[in-house]
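Peer 1: Take this structure first; my questions come after.
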Amino acid sequence: MKDYVQMLTLFYSPHATSVDNEARRASGYVDVPLSEAGLQQARLRGEQYAQEALDAVYSSDLQRAWRTSEIAFGERGLPLYRDARLREFDYGDMTQHPIEQIDEEIPRRIVEPFPNGESAVMVVQRMGTFLRDVLRDHDGKIIVVIGHRATRYGLLYWCGNTPLAEIVHAPWEWRDIPSGATNSIPTT
């Protein structure tokens, strides 16, 4: 019997700009809204994917991500799913600190969690369970994932085969992964 390789086309997009993004604060698990600029960006996000034959959209359950998905894709009639495994890092005691402090701290938090928060290893573990489930449920489909820095780290680790140390040392840039990126994710 031949082994079956499951495939999924996945587009990653960060959530639109939140009020904390504008203030240069790291929200983590704090549920902050989109800014006025973010509301407009979310509308444009839908236009960017207008020609894609999408099957579903997944987002974090934090409002800055799920509102981005609702505004961008709600009128297309696509299934919109919220999943807590797509959340941002839990920065613990550093939640709402300036983003520059978080950027400096993340390389030290690969294995050791933020005080009262998560490590990068914990983040990619929860992303791995998400990817296994979504691949099982959407084999051969095209989906969009709207998330956060942590979401992107998990995707780069599992889909890009990028070492975690390399991911956390790379500068964090707030932008989409280029369109057309596809990855196969083997399941066991």
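Here the sequence shown is numbered in our numbering, starting from 5 and rising by one per residue. Glycine included, each C-beta is placed from N, C-alpha and C at the ideal position.
1. Under the assumption that Val-36 contacts Val-23 (Cβ atoms under 8 Å), give the Cβ distance between them as a whole number of angstroms.
2. Could you have a look at Ser-64 and say whether DSSP puts it in helix, strand or coil?
3. Quick one: residues in its chain with C-beta nearer than 6 Å to the C-beta of Ala-30, no 5 flanking neighbours on either side, listed in chain order?
4. Can the beta-carbon of Ala-54 be found less than 9 Å from the beta-carbon of Thr-72?
5. How close, in whole Å, do the beta carbons of Ala-124 and Arg-113 come, if the pair is a contact with beta carbons under 8 Å?
6. Phe-77 by DSSP, collapsed to three states: which one?
7. How long is the line joining the alpha carbons of Tyr-157 and Leu-168, rounded to whole angstroms?
8. Compare the Cα-Cα distances from Tyr-16 to each of Leu-58, Arg-140, Ser-39 and Leu-38 and report the closest residue.
Peer 2: Short version:
1. Reading the sequence shown from its first residue, position 32 is the one you call residue 36. Reading the sequence shown from its first residue, position 19 is the one you call residue 23. Contact holds; Cβ gap of about 5 Å.
2. The residue labelled residue 64 in the question sits at position 60 within the sequence shown. DSSP places Ser-64 in coil when its eight states are reduced to three.
3. Stepping through the sequence shown from its first residue, residue 30 is reached at position 26. Closer than 6 Å at Cβ, skipping near neighbours: Tyr-95, His-101, Ile-103 and Ile-106.
4. Counting from one through the sequence shown, the residue named residue 54 turns up at place 50. Counting from one through the sequence shown, the residue named residue 72 turns up at place 68. Not a contact, by the Cβ cut-off of 9 Å.
5. Counting from 1 along the sequence shown, the entry for residue 124 is found at position 120. Counting from 1 along the sequence shown, the entry for residue 113 is found at position 109. With a Cβ gap of about 6 Å, Ala-124 and Arg-113 count as contacting.
6. As a position in the sequence shown, residue 77 is number 73, starting the count at 1. If DSSP states are grouped into helix, strand and coil, Phe-77 belongs with the helices.
7. Here residue 157 is taken as the residue at index 153 of the sequence shown, counted from 1. Here residue 168 is taken as the residue at index 164 of the sequence shown, counted from 1. If I take the Cα positions, the gap works out to 8 Å.
8. Taking the sequence shown and counting its residues from 1, one reaches residue 16 at position 12. Considering only alpha carbons, the answer is Leu-58.
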